[in-house]
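Protein chains in written order, with the numbering used here: chain V, 224 to 453; chain Y, -6 to 274. Take a look at the structure below.
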């Protein structure tokens, strides 16, 4: 299995990559709220939002088609509901539904494609999201691909030995569980061996810089301007 | 079942975000209190395990297959607070990295799956666990999926996403099938885990407060039914009649929602009773 392309993108060095994650997270939330409250009839506004996202992506030197392709993962779900809305006679709302979900996905992608996981989790932590939740998020992400790869290999091995059955699949999940449990034990002992004393030392928060403030106010002005004018 | 952004109306997602935030803080505190040091990596690795276990296909009947959703399995293995925390972490990662579910809709998705879904699993495991573990685990899997799915459907309807009666019934039927599948898969997975090491799966707590669990479960089911009912509140009907949908079909749809949940409830309850009677006889 391939590691996420997002990981590679997030290690870039553009001006957007260097902004404080808190400023980027605040900008994302503003964009999403503004987008969510835009009327379905304001199609010009949706086009303007898309232009805003494209400008941001090119400032971050990210491949726009690659981003759009990943954001399109949401489309099967929203297209289903958009079709239902279309049939009930509200074509404008149907269009807006698909546009809103696509643009929201694109905006969230822009955050994670310019910010490594440690960055945005630190931002969440500085906003008093429970520490325990942050730790679990970081551990899940760290071991996600390790265990998914293991599951993939076990599945292939099982398929090579014949047609799958219900019991076989259950056994597979059981063994995967056992291995995950043992891995967690190993991780804990490795942490102890490296001097873990039962708590993590939080990073000292740094105040927002002038360029971060400038970036955030530019995003706010862009979003609100489009929302009010168009 | 992950609601993307753009589907829920502003009052709906804002309300659910406001409800979910303190609830997540509370479950995180609880999980931290019950957790020894070595459980911190364990919770993370269990989250990754659920991600991976969803890739394993279970053949269910001719030509169809399903996969584990995992909420009930985590609840049975880790306990409710830790399970809820792990599911929340998974939902955050899915919303931001995997484009599965929205960021503003995160509160709604956490409420449906990590809070209500885990509560349904925990309460049914606790209520029927003494009588028959397999039935209780089956009920935990089925009810957790049914609760999350019905809540998501109700929230979409309250937000004014139009739906014809046919689609409504079809989705309810699909939910029922996937709920039953999740029940069966969870039972099989827990059995397989127990065969490897029985110590990994904790039994349900002593039946000191079965009534509490029963009342809690009844309240949860009322909440689900209430959400489906609220989705046909007057303003919803007005909006829909404005779009040319016959409002007289609405009461029937509620009956469907009620009937679906009540049927699962009754089935599980009867199965539990039967099994416990057989055991005591």
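Even for Gly, the Cβ is constructed at its ideal location relative to N, Cα and C.
CA-to-CA distance, residue j to residue i, given in whole angstroms
i, j, result
"residue 149/Y", "residue 384/V", "44 Å"
"residue 164/Y", "residue 26/Y", "40 Å"
"residue 281/V", "residue 266/V", "23 Å"
"residue 361/V", "residue 337/V", "17 Å"
"residue 447/V", "residue 257/V", "7 Å"
"residue 444/V", "residue 1/Y", "25 Å"
"residue 125/Y", "residue 141/Y", "24 Å"
"residue 248/V", "residue 330/V", "10 Å"
"residue 85/Y", "residue 242/V", "22 Å"
"residue 83/Y", "residue 262/V", "32 Å"
"residue -2/Y", "residue 416/V", "44 Å"
"residue 239/Y", "residue 209/Y", "Confidence is the limiting factor: at residue 239/Y the pLDDT is only 42, short of 50, which leaves the residue's position unreliable and the question unanswerable from this model."
"residue 56/Y", "residue 50/Y", "12 Å"
"residue 293/V", "residue 176/Y", "32 Å"
"residue 252/V", "residue 93/Y", "17 Å"
"residue 53/Y", "residue 279/V", "46 Å"
"residue 184/Y", "residue 44/Y", "20 Å"
"residue 301/V", "residue 101/Y", "17 Å"
"residue 14/Y", "residue 352/V", "9 Å"
Chain V within 7 Å of residue i, Cβ atoms only
i, result
"residue 3/Y", "yes"
"residue 12/Y", "no"
"residue 48/Y", "yes"
"residue 34/Y", "yes"
"residue 16/Y", "no"
"residue 241/Y", "Confidence at residue 241/Y is low in this model, with a pLDDT of 42, below 50, so its placement is unreliable and no value can be given for it."
"residue 235/Y", "Reliability of the predicted coordinates at residue 235/Y is poor, the pLDDT of 47 falling under 50, and the value obtained from them is presented with this limitation in mind. By this cut-off, residue 235/Y is not an interface position."
"residue 231/Y", "Its pLDDT being 47, under 50, residue 231/Y is placed unreliably in this model, and the coordinates cannot settle the point."
"residue 95/Y", "yes"
"residue 65/Y", "no"
Of the listed residues the options, nearest to residue i (C-alpha basis)
i, options, result
"residue 138/Y", "24/Y, 117/Y and 158/Y", "117/Y"
"residue 409/V", "1/Y, 38/Y, 20/Y and 63/Y", "38/Y"
"residue 58/Y", "215/Y, 170/Y and 191/Y", "170/Y"
"residue -5/Y", "157/Y, 182/Y, 81/Y and 22/Y", "81/Y"
"residue 313/V", "220/Y, 156/Y and 194/Y", "156/Y"
"residue 162/Y", "173/Y, 176/Y, 143/Y and 180/Y", "143/Y"
"residue 63/Y", "131/Y, 147/Y and 166/Y", "131/Y"
"residue 71/Y", "154/Y, 136/Y and 33/Y", "33/Y"
"residue 240/V", "327/V, 342/V and 424/V", "342/V"
"residue 287/V", "298/V, 348/V and 333/V", "333/V"
"residue 133/Y", "218/Y, 114/Y, 122/Y and 146/Y", "114/Y"
CB contact check: residue i to chain Y, cutoff 7 Å
i, result
"residue 255/V", "yes"
"residue 411/V", "yes"
"residue 315/V", "no"
"residue 311/V", "yes"
Interface residues of chain Y facing residue i [CB-CB closer than 9 Å]
i, result
"residue 373/V", "45"
"residue 269/V", "Near residue 269/V there are no residues of chain Y at all, since even the closest Cβ is about 11 Å away, more than 9 Å."
Limits of the alpha helix (DSSP H) - the one that residue i falls within
i, result
"residue 1/Y", "From DSSP, residue 1/Y is part of no alpha helix (DSSP H); its letter is neither H nor E."
"residue 355/V", "354 to 383"
"residue 219/Y", "203 to 223"
"residue 254/V", "244 to 259"
"residue 266/V", "266 to 282"
Contact set between residue i and chain V, taken where Cβ atoms lie within less than 9 Å
i, result
"residue 190/Y", "401 and 404"
Listed by chain order, chain V residues near residue i by CB distance under 7 Å
i, result
"residue 114/Y", "Simply none; closest approach about 17 Å."
"residue 61/Y", "396"
"residue 27/Y", "Chain V residues near residue 27/Y: none, gap ~11 Å exceeds 7 Å."
Per-residue contacts from residue i into chain Y (C-beta, under 7 Å)
i, result
"residue 247/V", "Those within 7 Å of residue 247/V in chain Y number zero; the least Cβ separation is about 12 Å."
Listed by chain order, chain V residues near residue i by CB distance under 8 Å
i, result
"residue 111/Y", "Here the premise fails: no neighbours, minimum Cβ distance about 14 Å."
"residue 220/Y", "Here the premise fails: no neighbours, minimum Cβ distance about 18 Å."
"residue 83/Y", "363"
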